[in-house]
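Presented below is the structure to which this report refers.
Residue numbers (the working numbering): 34 to 1022.
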């Protein structure tokens, strides 16, 4: 075998904060400190400890940015002197290398290995190897350090993700070769012929042309190791001209070649050996075709659907990306258990170990250039030729070093790019001319509000095809209109087919301004809008970008998990803020109940995507928390990829997997005696046949009674989205409000999905409390008013009062959906852009056992029967008007940055009187004639409710429950309220 000398271990070390070490010849000096490699300065706690508490990201207390010097004495065996000696650094920053006092060179790849040829400088068995690692960003103004990054680096260098670490991770070795060797093999598998063409880069350092016989064999490998199937050895005589050259041979994989896919994650490990020396080189590849056909992706000729996640290389324990296959198998396996079959890396590319793990787990990978900005053409204003050339070259390097991997299926030029369409097209064309093994896209959500589809791209990734042609469920307010999850009543009818391929191809411009303001990272920038006067009608696969982003309140118990490099000081700050507001005892409730609402939002969005025939996949942001950009806790898993306990893998698989059963209906709210009508559909990609099987539907009441059950036969051959039968179920007669569950499942397969439904009696009064002066008799008589002064006067007299304010002076608008991404980040962006700021709340916290809700059964968290009630309410800000210990019956949870105590239904003793306050505009609800539409946040043409809003049974039931309570002896509040303080909340005086 080719000889490898492992250089991992203890190295001499020196920090160089002033970046003067090159001038002062540090490479000739002895260093005072040591460090273990692979690793980073932060892992070793080098540098100055900082007690700074970051709130927008995790904190690296030992963050070091500058020059760091690493030195080691090397001893070679006598026979190795004079051979070709290459230094291999798997992943690092910008490096410069010396052998003794001889400078070898510098290398600046942030994604791929740094390989230095030390041969000419190594003249004896012993030498000193010195490596300078620089992790410096270029300043916005002024002269940059010569070793500063050629580009900002996106999530490769961001404090929002894996941090701007300094160090060397992964393999650190000397690779010692004979004079003739193969430095690289590019594999070009052919599924039709069962062969692989090997483009071998030959190196001949002898100075004279030569030829050598090589022997090639391959062996199958899966995640359990090498398999017994070995292809016969094949020999080839190949030329080795002096210097470097490329020579190709075609290798036959035998009679029964094995195809790679997410279902058969088996790869070939191929070894090339020299017949006349110990030289060998090994690579891996998979036999697969990842292609497109119309609007679909194909794997080996069979349709597939991308269920992707965003990944920014977040690893809190190390603050740096792992470089071992085992660590990546663990991470990718967790994702796959949640139905994920695709990874989109945001402005970054993972190391080789990640691709190897993806090969063995079965994940379709899409690395991305480390760029988030404007791609200009030469001669255009602001054109940076040095940076752009670097980025283009970095793409070639990524394809060279990782392109053999079966899992490397797609390639993207960056995130949310702007600039020259022509230049982006040129880069795509150049890449495709060099490497046809991957599919290419211009980037993720390029040109944002004015998207374009380029002829050179194989698939399109975005969020809209014009201002109102939206194909995801949620957006930031700076990108309004918002999505259907945020602006419409929960239902299961939504799909994005009309948005992607409209039946009426009318022009729908986004923003006609030549220059527009956009969100850029955590800030704002002005860009030139792309000129696009035509209606976009995609003819290639469309993938929805960064869907979800439903925020969950922090889990402060997670703080103790940050035992490594990064600390959750942001969580500590949020915890302290909540404690100052007197609500720390509610933190666990805020976490759980906001999380349950977020899961509901994800379910509705993922099913909408699954119901869309013209959608080829999605990329969730994210199933994992994102630690930066203000702290975006949007995952069902925390930053460590551990479950938050909000949803099981089985439940999640019901709407995020390769087998999704779906019911399509107008509303989760049903009235007794009506007919519940729903359609059924199935999206299926598994290789197993379901011939002869059927779908069972079951309608089960809360007490376990089966109210209806039936079966739906499945077509004999299912692939993709299939519409099944329409079903009608009579809703049972009931006297009290209750719930039911609609279940869909296929016996013996584990395939299932379910929907909780909310049932209400048909005979409830349709009561407008604006026309009712009082309820109850005698000691239980309660007066109803919408006038604060009148309420105060009656309370002074010791009366019982139900106060229904028409307006609340100090309040937030009722908003059903949880907050998008991260409130402080998008608040700042909206303010900079002079656009409305989002409400920023995170759903309901309900005292569901309170007697006021006895006849309105509910979870402690928001579910669809609350949508209309919440959407027609004001959330009273009670921060300074109640004691810190005061708790509303129905509380709207605020975000962790603002921490308002928000009341919707709350009560208290006022002197000898009793007060109940309900900020839901109940009279407005019982008098609706059409759905309430907010044009400021709702896309043109969006259906915001599928049902008749002139009679909302949940509203009638809520009023019934509330009136029953306030007109009973049970209405005896234990907490107290102060009307003088409440006056400011409601009247503003």
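Even glycine gets a Cβ: it sits at the ideal position worked out from N, Cα and C.
Assignment of beta strand (DSSP E) within the stretch 716 to 746, counting only whole runs of 3 or more residues, yields 727 to 734 and 739 to 746 in chain order. Taken atom to atom, the span from the alpha-carbon of residue 836 to that of residue 914 is near 16 Å. For residue 835, the uninterrupted beta strand (DSSP E) run begins and ends at 833 to 836, by DSSP. Here residue 73 is not near residue 45, since their CB atoms are 8 Å or more apart.
Where residue 763 is concerned, the enclosing beta strand (DSSP E) starts and stops at 753 to 763. Across the structure, residue 875 and residue 423 are spaced so that their CA atoms are roughly 43 Å apart.
Contact check between the stretch 948 to 963 and the stretch 904 to 922: three or more CB pairs, one atom from each, fall below 8 Å, which counts as touching. DSSP, reduced to helix, strand and coil, places residue 988 within a helical segment of the structure shown. In this structure residue 770 touches residue 792 by the C-beta definition: roughly 7 Å separates them, less than 8 Å. Contact between the stretch 316 to 329 and the stretch 214 to 225 is established, with three or more Cβ pairs separated by less than 8 Å. Counting only runs of at least 3 residues, the stretch 618 to 666 fully encloses the following beta strand (DSSP E) elements, listed from N- to C-terminal order: 650 to 654.
Here residue 888 is buried: its Cβ has 16 or more other Cβ atoms, across all protein chains shown, within 10 Å. In the DSSP assignment, residue 101 falls outside any alpha helix (DSSP H) and within the unbroken beta strand (DSSP E) covering 100 to 108. Exclusion of the five residues before and after residue 52 leaves 99, 100 and 178 as the residues of its chain whose Cβ lies within less than 7 Å of its Cβ. The beta carbon of residue 528 sits closer than 7 Å to the beta carbons of 641, 644 and 645 from its chain, once the five residues preceding and following it are set aside; these are given in chain order.
By the Cβ criterion, the stretch 458 to 467 is in contact with the stretch 482 to 502, since at least three pairs of Cβ atoms, one from each stretch, lie closer than 8 Å.
Its Cα nearest to that of residue 929, the residue 88 stands out among 88, 39 and 71.
In the DSSP assignment, residue 451 is bridged to 407. For residue 202, same chain residues with a beta-carbon under 6 Å away, outside a window of 5 residues either side, are 71, 124, 353 and 356 in chain order.
When the alpha-carbon of residue 524 is set against those of 416, 763, 790 and 373, the nearest one is in 790.
Residues 604, 607, 624, 666 and 929 of the same chain have their beta carbon placed closer than 7 Å to that of residue 587, with the five preceding and five following residues left out of the count. The stretch 855 to 926 contains, as complete beta strand (DSSP E) runs of 3+ residues, the segments 874 to 879 and 907 to 910 (chain order).
The continuous beta strand (DSSP E) containing residue 47 extends over residues 42 to 49. Rounded to the nearest whole angstrom, the C-alpha separation of residue 730 and residue 428 is 50 Å. When secondary structure is reduced to three states using DSSP, residue 511 falls in the helix class. When the five nearest sequence neighbours on each side are left out, the beta carbons in the same chain lying within less than 6 Å of the beta carbon of residue 834 are those of 816, 824, 827, 828 and 948, in order along the chain. Inclusion of residue 661 and residue 329 in the CB contact set at 8 Å is not warranted, their separation being larger than that value. One Cα belongs to residue 331, the other to residue 256, and the distance between them is close to 24 Å.
By the Cβ test, the stretch 390 to 401 is in contact with the stretch 288 to 297, since at least three Cβ pairs between them sit closer than 8 Å. Annotation for residue 59: 102 place their beta carbon closer than 6 Å to its own, counting only its chain and skipping 5 residues before and after. A check of alpha carbon separations from residue 302 across 310, 308, 284 and 288 identifies 284 as the nearest. In this chain, the beta strand (DSSP E) harbouring residue 818 covers 815 to 818. DSSP places residue 849 outside any alpha helix (DSSP H), giving it a letter other than H or E. Here the C-alpha atom of residue 708 lies approximately 14 Å from the C-alpha atom of residue 981. Contact between residue 215 and residue 155 fails: their C-beta atoms lie close to 21 Å from each other, not under 8 Å.
With a contact defined as Cβ atoms closer than 8 Å, residue 144 and residue 166 miss out at about 15 Å.
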